[in-house]
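Trainee: In case it helps, numbering that gives the first Met the number 0 puts the sequence shown at residues 0 to 303.
Note that the Cβ used here is the ideal one computed from N, Cα and C, for glycine as well.
This is the structure I want to talk about, given as structure tokens.
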Amino acid sequence: MALHPGSVDYIEAHKGVQYYEQTPEEARRERALAPKFSVQVAGIQTIEDRVIPVRDGEINVRIYTPEGKGPFPVIVYYHGGGWVFGSPEYADGGCRYLTAATQAVVVSVDYRLAPEYPFPTPVNDAYDALVWVHEHAAQLHIDQENITVSGDSAGGNLAAVVSALSADYDGPPIKQQALIYPVLDTDFTVASYNTFGENYGLDKEGMIWFTEQYVDAVNQKNSLVAPLQAKNFAQLPRTLLIAAQYDVLVDEGIRYIDNLQRAGVPAQRIELEGLIHSYFSKIEFFDTETKKTAELIAKFLTPC
Numbered sequence: 000m001a002l003h004p005g006s007v008d009y010i011e012a013h014k015g016v017q018y019y020e021q022t023p024e025e026a027r028r029e030r031a032l033a034p035k036f037s038v039q040v041a042g043i044q045t046i047e048d049r050v051i052p053v054r055d056g057e058i059n060v061r062i063y064t065p066e067g068k069g070p071f072p073v074i075v076y077y078h079g080g081g082w083v084f085g086s087p088e089y090a091d092g093g094c095r096y097l098t099a100a101t102q103a104v105v106v107s108v109d110y111r112l113a114p115e116y117p118f119p120t121p122v123n124d125a126y127d128a129l130v131w132v133h134e135h136a137a138q139l140h141i142d143q144e145n146i147t148v149s150g151d152s153a154g155g156n157l158a159a160v161v162s163a164l165s166a167d168y169d170g171p172p173i174k175q176q177a178l179i180y181p182v183l184d185t186d187f188t189v190a191s192y193n194t195f196g197e198n199y200g201l202d203k204e205g206m207i208w209f210t211e212q213y214v215d216a217v218n219q220k221n222s223l224v225a226p227l228q229a230k231n232f233a234q235l236p237r238t239l240l241i242a243a244q245y246d247v248l249v250d251e252g253i254r255y256i257d258n259l260q261r262a263g264v265p266a267q268r269i270e271l272e273g274l275i276h277s278y279f280s281k282i283e284f285f286d287t288e289t290k291k292t293a294e295l296i297a298k299f300l301t302p303c
């Protein structure tokens, strides 16, 4: 399928100097000038920003609670942005749609960012937030036994890593993971990096830049950075992976789902035609597609 009109408009709007040609500080300043977009969504009772403790400090979370009475399922959500950019504000529209579609409490985690806080700090923050959610189930009106981890791009990476950590260390029980075009490896030579490596929203050079900001060369094949390098896929929860057709990350997503299925884990992959990487957080270009993604996740969670 040809590029979606929103994909064409997004690519056209982002020509010029690229973030990976700048320092992180310069790129953040430029992004801060861009207008913020969100949506008004029916079915949400409250949206609350809170500060929670982590092992070496504090981070923010944004908690979306649906209308009705709990206990609700809960989705612990990690925003995208290459581990360098982003915040709960960045993911606000998608999280609103997720809350309404799934009738789950969504806890959007403001993990600390590289390069100021490189690996493993974002992983530690992501896991500590999961533990906090589990420990505060009564306060959050959630069902401790119905936890989903989710995220887009680098946030999808953190969700997959948290799933593995929780299994390894007998942590909070994760019932399922819903990953939106997640980063799953650090191999920039696979076919999709060559096919979609320029002018599709997320360039190959951009992914190399993000990775270098986040992690040193020694740890780039650590499974807590590259979940595709894990040795034990059988311990992971049932998985939905939603992919964008025109994305450098297509091939690693296919391999990740194949590994899960070979290990006997219920896993499915849905590819949305015509879309580019990062559509879920670009609601001004992809409102309908963001809502559709939330509905696909809701359908995935329904049998549970």
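CA-CA distance, residue 221 and residue 80?
Mentor: Each residue's alpha carbon lies about 20 Å from the other.
Trainee: Could you compute how far the alpha carbon of residue 224 sits from the alpha carbon of residue 37?
Mentor: So the alpha carbons of these two residues sit roughly 30 Å apart.
Trainee: Looking at the structure shown, is residue 210 part of a helix, part of a strand, or coil, going by DSSP?
Mentor: Three-state result, residue 210: helix.
Trainee: Within the same chain, show all residues whose beta-carbon is closer than 8 Å to that of residue 263, passing over the 5 residues directly before and after it, in chain order.
Mentor: 233, listed in sequence order.
Trainee: Please work out which residues of its chain come closer than 8 Å, Cβ to Cβ, to residue 85, disregarding the five sequence neighbours upstream and downstream, and give them in chain order.
Mentor: Counting only Cβ-Cβ distances below 8 Å, and skipping sequence neighbours, we find 78, 79, 112, 153, 154 and 280.
Trainee: For residue 35, count the other beta carbons within 10 Å of its own beta carbon; 16 or more makes it buried, fewer makes it exposed. Which is it?
Mentor: Classification for residue 35: exposed.
Trainee: So what's residue 250 in DSSP terms, helix, strand or just coil?
Mentor: Note: residue 250 maps to helix in three-state DSSP.
Trainee: Just how far apart, CA to CA, sit residue 303 and residue 71?
Mentor: Low confidence applies here, because residue 303 scores a pLDDT of 48, under 50, leaving its location unreliable and the question unanswered by this model.
Trainee: Check for me: the beta strand (DSSP E) holding residue 296 runs from which residue to which?
Mentor: It is not in any beta strand (DSSP E) - residue 296 instead sits in the alpha helix (DSSP H) that spans 282-300.
Trainee: Are the CB atoms of residue 128 and residue 294 nearer to each other than 7 Å?
Mentor: It is not a contact, given that the beta carbons lie outside the stated cut-off.
Trainee: Using DSSP with H/G/I as helix, E/B as strand and the rest coil, what is residue 176?
Mentor: Residue state, collapsed to three classes: strand.
Trainee: I'd like the list of long-range same chain contacts for residue 116, defined as Cβ closer than 6 Å, with 5 residues on each side in sequence excluded.
Mentor: None.
Trainee: Is residue 266 helix, strand or coil by DSSP?
Mentor: Strand at residue 266.
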